[in-house]
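Single-structure report; data block below.
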Amino acid sequence: MNAPVGAPRLAIEISHLNHWYGEGDLRRLVLRDLSLTVERGKTTFLMGPSGCGKTTLLTLVGALRSVMEGSVKVLGHELLGASETVMVETRRLAGFIFQHHNLHRSLTVLQNVRMGLEVKGEAGAQDATARCMEVISAVGLSEHMHKYQDQISGGQKQRAAIARALVGKPELLLADEPTAALDSKTGREVIELVQRLASERGMTVLMVTHDNRILDIADRIVEMEDGRILAETGPKAEEIAHPARAKTARTKA
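Those letters in the sequence shown? Residues 0 to 252, per numbering that gives the first Met the number 0, in order.
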């Protein structure tokens, strides 16, 4: 899936974002004057110690939480002060993968994947089953599509969760610690699968992770600490974040 004609180069534009929990004496600032851009079609990892604001940032980008202060633009939608209609539309453009697969125990793999179309209002489409079977095949679960979660392994459950996130053909894939409950081999296989499918479909990936074993898969790594961006690394980090500065550096070289 390629980006729409005329679509902006950046999938995510965040400027001077502040976010807090609680009020008065209990108010705790978790994101502090944070600015970040993410280029379309790239895979970006968010890293940092627990409690530094990574998951909060992910939920704000995914329109799962309201923006309090600052600008958050996702796929052209400004989320500061956004109406419920805009929030819902933004969520429909994104796919979500969580640390725990969150599969419904009473549903088969195929039925769980179909839930990814339910949220988009497309589960009743004539080709819905075919779309589900296609993405289930892409994640290597064709032989398990009629099994329940108690009948498949942890890695297979996470693959089913990936299929559910991808079946609606999202432009943006948001993942929160998707390898945390997996062993090193299975975790790497899962993330390589995500990266491959994202590349084939032209999706942007923003992933929260603590897993140092998969960092080479990312186009860019953004490190956070105390609610701020601490550093950016990766072969393309400078060019993605500061294209003008990178161009000047290449010219001087």
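Note that CB positions come from ideal geometry on N, CA and C, so glycine has one too.
**Request:** Give a yes or no on contact between the stretch 127-138 and the stretch 15-32, applying the rule of three or more CB pairs nearer than 8 Å.
**Result:** no
**Item:** Cutoff 7 Å; reference Ala127; Cβ partners in own chain excluding five residues on either side
**Value:** If you number the sequence shown from 1, residue 127 lands on position 128. For Ala127, where only same-chain residues beyond five positions count, the Cβ hits under 7 Å are Arg113, Leu116, Glu121.
**Request:** For the alpha helix (DSSP H) containing Asn211, list its first residue and its last residue.
**Result:** For the purposes of this step, residue 211 is taken as the residue at position 212 of the sequence shown. Where Asn211 is concerned, there is no enclosing alpha helix (DSSP H), because DSSP gives it neither an H nor an E.
**Asked** Which residues in the same chain have their Cβ closer than 7 Å to the Cβ of Cys51, if we skip the five residues on either side of it in sequence?
**Response** Locating residue 51 in the sequence shown gives position 52, where the first residue counts as 1. Excluding sequence neighbours, Cys51 sits near Met223, Glu224, Asp225, Gly226.
**Prompt:** How many Å lie between Arg212 and Ala164 at the Cα?
**Reply:** Looking up residue 212 in the sequence shown gives position 213. Looking up residue 164 in the sequence shown gives position 165. Cα-Cα distance, rounded: 23 Å.
**Request:** Going by DSSP, name the residue or residues bridged to Asp175.
**Result:** Counted from its first residue, the sequence shown places residue 175 at position 176. Val207.
**Request:** Quick one: using the 10 Å Cβ neighbour count with 16 as the cut-off for buried, is Thr89 buried or exposed?
**Result:** In the sequence shown, counting from the first residue as 1, residue 89 sits at position 90. Looking at its Cβ environment, which holds 16 or more other Cβ atoms inside 10 Å, Thr89 is buried.
**Request:** Tell me where the alpha helix (DSSP H) around Glu191 begins and ends.
**Result:** Residue numbering aside, residue 191 sits at position 192 when the sequence shown is read from its first letter. It spans 183-200 - the alpha helix (DSSP H) in which Glu191 sits, taken as one unbroken run.
**Request:** From the DSSP output, read off the bridge partner residues of Lys72.
**Result:** To locate residue 72, count along the sequence shown from 1; it is residue 73. For Lys72, which the question treats as bridged, DSSP gives the partners Glu12, Glu77.
**Message:** Which same chain residues end up closer than 8 Å to Asn17 when comparing Cβ atoms and leaving out the 5 residues on each side of it in sequence?
**Reply:** Within the sequence shown, the letter at position 18 stands for residue 17. Only Leu28, Leu30, Arg31, Asp32, Leu33, Met67, Glu68, Gly69 meet the Cβ criterion.
**Continuous beta strand (DSSP E) stretch holding Val221: start and end** = One-based indexing of the sequence shown puts residue 221 at position 222. That run of the beta strand (DSSP E) goes 219-224.
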